[in-house]
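Line by line, the protein sequences give chains A and B. So the number in this note's numbering is just where the residue sits in the first sequence, counting from 1, plus 16. So the number in this note's numbering is just where the residue sits in the second sequence, counting from 1, plus 2. Below is one structure, written out as structure tokens; the observations come after it.
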Amino acid sequence: MIEYVARRLVQGVFVLFLVSLLTFFLINLAPGGPSSLIDFQSTAAEREARMRQYGLDRPVHERYLTWLAGAVRGDLGRSINQGLPVSRLLAQRLPITLTLGGTALVLAALFGVVLGVTAALQRDRWPDHVIGSVATLGMSTPSFWLGILAIIVFAVNFGWLPAAGNASIGRAFDLGDRLRHLVLPAGVLAFSLMPNVIRTTRAAVLETRAADFVRTARAKGLVERVVLVKHTMRNALVPVVAMLGLIATVLFSGSVVIESVFGWAGIGRLAIEAANGRDYPVILGVTLLAGTIVVTVNLVVDLAYAVIDPRIRHD
Amino acid sequence: MRIRHLAARLVLAVTLAVAGLGTALAQDADPNAVLNLATNADPTLNPWTPGAVIESNLINTILFDQLTRYSPDDLSPIPALATSWTPEEGGLAWVFELRQGVQWSDGDPFDAADVAFTFNDVVLNPDLGAQSASQFNTIERVDVIDDHTVRFVLKRPFSALPYYLASFAGILPEHALGAAENPLTVAEFNKGNPVTTGPFKVAEFVPGAFVRLEPNPLYWGGAPKLAGMIFRIIPDANTQVAQALAGQLDVVTRLSPNVIDSIERSGRLEVLRQSQNLFFFVAPNHDDARFEDVRVKQALLMAIDRQAMIDAILSGFGRVASGPVAPMLGALFSEDVTQYPFDPEAAGALLDEAGWTMGADGVRAKDGERLAFDMPTGQFGDLVPASLLVQQYWADIGVDADVRVMEWNAYIQEVVLARAYEVTLAWWSMPPTADVAPYFSCSAAQSGNNIPNYCDPELDALMDAGRAALTVEDQVAAYAAMQAFTADELPYLYLWWPDILTAKSVTLQGFPEITAATAFQHAADWYVAR
Numbered sequence: 017m018i019e020y021v022a023r024r025l026v027q028g029v030f031v032l033f034l035v036s037l038l039t040f041f042l043i044n045l046a047p048g049g050p051s052s053l054i055d056f057q058s059t060a061a062e063r064e065a066r067m068r069q070y071g072l073d074r075p076v077h078e079r080y081l082t083w084l085a086g087a088v089r090g091d092l093g094r095s096i097n098q099g100l101p102v103s104r105l106l107a108q109r110l111p112i113t114l115t116l117g118g119t120a121l122v123l124a125a126l127f128g129v130v131l132g133v134t135a136a137l138q139r140d141r142w143p144d145h146v147i148g149s150v151a152t153l154g155m156s157t158p159s160f161w162l163g164i165l166a167i168i169v170f171a172v173n174f175g176w177l178p179a180a181g182n183a184s185i186g187r188a189f190d191l192g193d194r195l196r197h198l199v200l201p202a203g204v205l206a207f208s209l210m211p212n213v214i215r216t217t218r219a220a221v222l223e224t225r226a227a228d229f230v231r232t233a234r235a236k237g238l239v240e241r242v243v244l245v246k247h248t249m250r251n252a253l254v255p256v257v258a259m260l261g262l263i264a265t266v267l268f269s270g271s272v273v274i275e276s277v278f279g280w281a282g283i284g285r286l287a288i289e290a291a292n293g294r295d296y297p298v299i300l301g302v303t304l305l306a307g308t309i310v311v312t313v314n315l316v317v318d319l320a321y322a323v324i325d326p327r328i329r330h331d
Numbered sequence: 003m004r005i006r007h008l009a010a011r012l013v014l015a016v017t018l019a020v021a022g023l024g025t026a027l028a029q030d031a032d033p034n035a036v037l038n039l040a041t042n043a044d045p046t047l048n049p050w051t052p053g054a055v056i057e058s059n060l061i062n063t064i065l066f067d068q069l070t071r072y073s074p075d076d077l078s079p080i081p082a083l084a085t086s087w088t089p090e091e092g093g094l095a096w097v098f099e100l101r102q103g104v105q106w107s108d109g110d111p112f113d114a115a116d117v118a119f120t121f122n123d124v125v126l127n128p129d130l131g132a133q134s135a136s137q138f139n140t141i142e143r144v145d146v147i148d149d150h151t152v153r154f155v156l157k158r159p160f161s162a163l164p165y166y167l168a169s170f171a172g173i174l175p176e177h178a179l180g181a182a183e184n185p186l187t188v189a190e191f192n193k194g195n196p197v198t199t200g201p202f203k204v205a206e207f208v209p210g211a212f213v214r215l216e217p218n219p220l221y222w223g224g225a226p227k228l229a230g231m232i233f234r235i236i237p238d239a240n241t242q243v244a245q246a247l248a249g250q251l252d253v254v255t256r257l258s259p260n261v262i263d264s265i266e267r268s269g270r271l272e273v274l275r276q277s278q279n280l281f282f283f284v285a286p287n288h289d290d291a292r293f294e295d296v297r298v299k300q301a302l303l304m305a306i307d308r309q310a311m312i313d314a315i316l317s318g319f320g321r322v323a324s325g326p327v328a329p330m331l332g333a334l335f336s337e338d339v340t341q342y343p344f345d346p347e348a349a350g351a352l353l354d355e356a357g358w359t360m361g362a363d364g365v366r367a368k369d370g371e372r373l374a375f376d377m378p379t380g381q382f383g384d385l386v387p388a389s390l391l392v393q394q395y396w397a398d399i400g401v402d403a404d405v406r407v408m409e410w411n412a413y414i415q416e417v418v419l420a421r422a423y424e425v426t427l428a429w430w431s432m433p434p435t436a437d438v439a440p441y442f443s444c445s446a447a448q449s450g451n452n453i454p455n456y457c458d459p460e461l462d463a464l465m466d467a468g469r470a471a472l473t474v475e476d477q478v479a480a481y482a483a484m485q486a487f488t489a490d491e492l493p494y495l496y497l498w499w500p501d502i503l504t505a506k507s508v509t510l511q512g513f514p515e516i517t518a519a520t521a522f523q524h525a526a527d528w529y530v531a532r
């Protein structure tokens, strides 16, 4: 088991190296440059002076090696457009994305599993149809649109919830205020992630309920609650956990949109700003962070399989 | 200089009157009001840092006083950190008297050394590439005469200097930045707590969320009438509008015309139609020999129904442009120039006359060459729909434009820097002066801001005459001749001067309406009515 984890970690580091290499050369292939270099109103002389300052007058491979040498020592460089160390920017933004993404993931998992099980148990009856429609709606509605709609309805028309931000100014330590700010963005994000959980859960529960061991459990006279919780659910959980693992990794891309709409200053918005402004060190930093999260989540999900299903072993 | 004395007395009289009025009004002002504003990204709190542009300009205007600022009445330069200015040596030098008793927000005195530092060590230092430094490239150096007098020594006459000094040209503190290796990249200053002279100072900067300003107790102009200001960082324009409608923003700048109705219906906000010296254009690349014949450019312009485009794209919030100088410049704007009303038939006739006759494929040709243009456009604002409309109008007269839509960053690289285009639609935003040399002169062709690579020594001479003219009368005459020339020869095909739309809360008063920059230069006068 320990050997397995160690092997996966070494693989993970190699994957991250490849990711950084690819990202670095791809973003440098893209036309354009950092905001201050492509500023409409600047002259060629001003731009050349800035190129030299940022070290962008050196060849790409040389710049990559410099960056890599810094990265292995924990120095991710300095943002071109913001003038701050990349590690500081990531540290500022990560807790915000984790709060939003974590809450959305918990909501999506909770409601997704409950609704998925309900849909399976009520198969082809009206609750199943209603839940199916909700899932289709969540899947097919773009979250930026849903976000703006939610702002208009709940913040503008009813005035129940704040329209944006993650806290009221001057009330940074007020938990109730933070939760109120979390409702809309986490709700919208969860709504767009939930359909996958509903569908996977429903399919898994239906499949398991048709299995021989469930029929056996019923035949030996177990009450339906025990059949459902102990025999059906536990066995249906593996695909659901796999799906949650997938969702946890796409949360990053989902929160990019939601963060922009709701004015949350998380990693997603940092990524968009960096990409638009060709802030190379920040793009690399965000990509590396996202890569680390994906590698870690995959490892955790694989380990979780073994816990849920003793037949799965990592030797 | 008798006129100057008279003007000074008049200014004094008006100031006293306004001050009296201010006291009367101040009783109705809410002393606890905190204003909420929006900006689209984390600002950089240094007006000269490269890349500190749209997200930083307005907040820096409040924080960093300049030598001059614009009059809310007619945009002429009026005193700020400088109290008076006089040209010398036939316009080759300008002497600025500085305000006495001004303190930086950390208590240090402001003096001539700060002005000399800002220009000599920052703006004019070619290694730093300071933002918009090129606007000041006629300055040779700034000499300190005494603690409160500086002398700008110029390479060539530059009559618009006091105007340019009011255009995002904040003065930096030498005592805080002088020791830095690069005064433009000091993180604690730019992203934390800068030392400033303006009516408000930074109280709190939460990255990605907001910048909170509080009144600067050391401000030279007396206490501002607001308890504070909060600039919320909201990248999405629709979200800004939604928040304003929800009552969480008091000022929203650069509104899209299509949200005006909902804002006006709200009753909480009113929309100001401001101006800016800004024109949209189609630039013909003059490296292309087909533009040597001015009739081709005239025909291309006459084929476009500009009023219809303004109605469609700007919901009517704009005016057909006849040249680069916007009507907001008052006397310096000249309407007495060649106009090109929409007339596709006349446009076709002009092209026939120039030898471009209709081909079998519906596209005109001359000596086997087709009148077809590569027209790259960037995904920004309304550039794509506007380019597509121009393409349609030109198709009607047998001109083929191949509109290529590109990502904005890539567009600037290819079109603005590399000039790899034949025609393209964009805009210029300029300081409020008729001095448009950075966008039209031969020295700015190929590598500067003269995107169309237009070069005519005659036009250069006209613009130099404007820069050398020291009285307003001489400037009016010089720039009228320049505008007549630019309308005849069409270095750019002028499209429109858009209205700059700003929404503000109806209770916010003392907010100059003329331009956004002017409004923010007078933030000390803003107050919220009770």
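Backbone N, C-alpha and C fix where the C-beta goes; we use that ideal spot for every residue, glycine too.
Residues that residue i bridges to, as DSSP identifies them
i: L100 (chain B); result: B:A84
i: Q278 (chain B); result: DSSP output for Q278 (chain B) lists no bridge partner at all.
i: T41 (chain B); result: B:I235
i: L419 (chain B); result: Answer by DSSP bridge pairing: none, since L419 (chain B) is not bridged.
i: Y72 (chain B); result: B:P79
Residue closest to residue i, alpha-carbon to alpha-carbon, out of the options
i: A362 (chain B); options: B:A356, B:G370, B:E355; result: B:G370
i: P159 (chain B); options: B:D67, B:P89, B:Q511; result: B:P89
i: F283 (chain B); options: B:W106, B:G249, B:R321; result: B:R321
i: D148 (chain B); options: B:R297, B:L167, B:E99, B:S136; result: B:E99
i: E142 (chain B); options: B:A35, B:L280, B:F121; result: B:F121
i: S145 (chain B); options: B:V418, B:R153, B:N139; result: According to the sequence shown, residue 145 (chain B) is Asp rather than Ser. If we check each option's Cα against that of D145 (chain B), B:R153 comes out closest.
i: L222 (chain A); options: A:V239, A:V256, A:G203; result: A:V256
i: A320 (chain A); options: A:R250, A:W142, A:G270, A:W280; result: A:R250
i: G200 (chain B); options: B:A480, B:I61, B:D458; result: B:I61
i: A420 (chain B); options: B:D110, B:G450, B:S336; result: B:G450
i: G282 (chain A); options: A:R94, A:A107, A:L205, A:D318; result: A:A107
Residue i to residue j span [Cα, whole Å]
i: E275 (chain A); j: D466 (chain B); result: 50 Å
i: G533 (chain B); j: N287 (chain B); result: Within the shown structure, residues of chain B are numbered from 3 to 532, placing residue 533 (chain B) beyond reach of any answer.
i: A26 (chain B); j: D108 (chain B); result: Because the pLDDT at A26 (chain B) is just 47, under 50, the model does not fix this residue reliably, and the value given afterwards should be weighed accordingly. A26 (chain B) and D108 (chain B): Cα-Cα distance of roughly 32 Å.
i: W83 (chain A); j: D91 (chain A); result: 8 Å
i: P378 (chain B); j: L315 (chain A); result: 47 Å
i: E434 (chain B); j: S324 (chain B); result: Correcting the residue identity first, residue 434 (chain B) is Pro in this sequence and not Glu. Each residue's Cα considered, the two are about 16 Å apart.
i: T51 (chain B); j: A229 (chain B); result: 29 Å
i: T520 (chain B); j: Q276 (chain B); result: 10 Å
i: G192 (chain A); j: D384 (chain B); result: 42 Å
i: D354 (chain B); j: I399 (chain B); result: 11 Å
i: G380 (chain B); j: E416 (chain B); result: 10 Å
i: Y529 (chain B); j: S264 (chain B); result: 25 Å
i: N184 (chain B); j: V124 (chain B); result: 9 Å
i: F382 (chain B); j: A43 (chain B); result: 16 Å
i: V266 (chain A); j: L391 (chain B); result: 39 Å
i: A356 (chain B); j: A291 (chain B); result: 13 Å
i: A151 (chain A); j: P47 (chain A); result: 40 Å
Three-state class that DSSP yields for residue i in the structure shown
i: K506 (chain B); result: strand
i: G24 (chain B); result: Interpretation of G24 (chain B) is limited by its pLDDT of 47, a score under 50 that renders its predicted location unreliable; the figure taken from the coordinates is listed afterwards. G24 (chain B): helix per DSSP, three-state reduction.
i: D376 (chain B); result: strand
i: M465 (chain B); result: helix
i: I56 (chain B); result: coil
i: L34 (chain A); result: helix
heavy atom of the ligand HEM below 7 Å from residue i C-beta
i: R143 (chain B); result: In the structure on display, the ligand HEM does not appear, and there are no ligands present to speak of.
Margin query: Beta carbons nearer than 9 Å to chain B: which residues of the region 28-61 of chain A have them?
Written below: Within the region 28-61 of chain A, the qualifying residues are A46, P47, G48, G49, P50, S51, S52, L53, I54, D55, F56, Q57, S58, T59, A60, A61.
Check: Along the region 428-455 of chain B, what residues have a CB closer than 7 Å to any CB found in chain A?
Finding: Flagged, chain order: S449, G450, N451.
Notebook entry, point to check: Of the residues that make up the region 110-133 of chain B, which ones have a beta carbon closer than 7 Å to any beta carbon in chain A?
Noted result: Here the close residues are P128, D129, L130, G131.
Next item on the list: Name, going along the chain, the residues of the region 89-111 of chain A whose beta-carbon falls closer than 7 Å to a beta-carbon of chain B.
Entry: Within the region 89-111 of chain A, the qualifying residues are N97, Q98, G99, L100, Q108, R109.
Note to self: Can you pull out the residues from the region 192-223 of chain B whose beta carbon lies closer than 7 Å to at least one beta carbon of chain A?
What the structure shows: So the close ones are N192, K193, P209, G210, A211, F212, R214.
Item checked: Residues within the region 247-272 of chain A neighbouring chain B, beta-carbon criterion of under 7 Å -> Listed by position, the residues of the region 247-272 of chain A near chain B (Cβ gap below 7 Å) amount to none.
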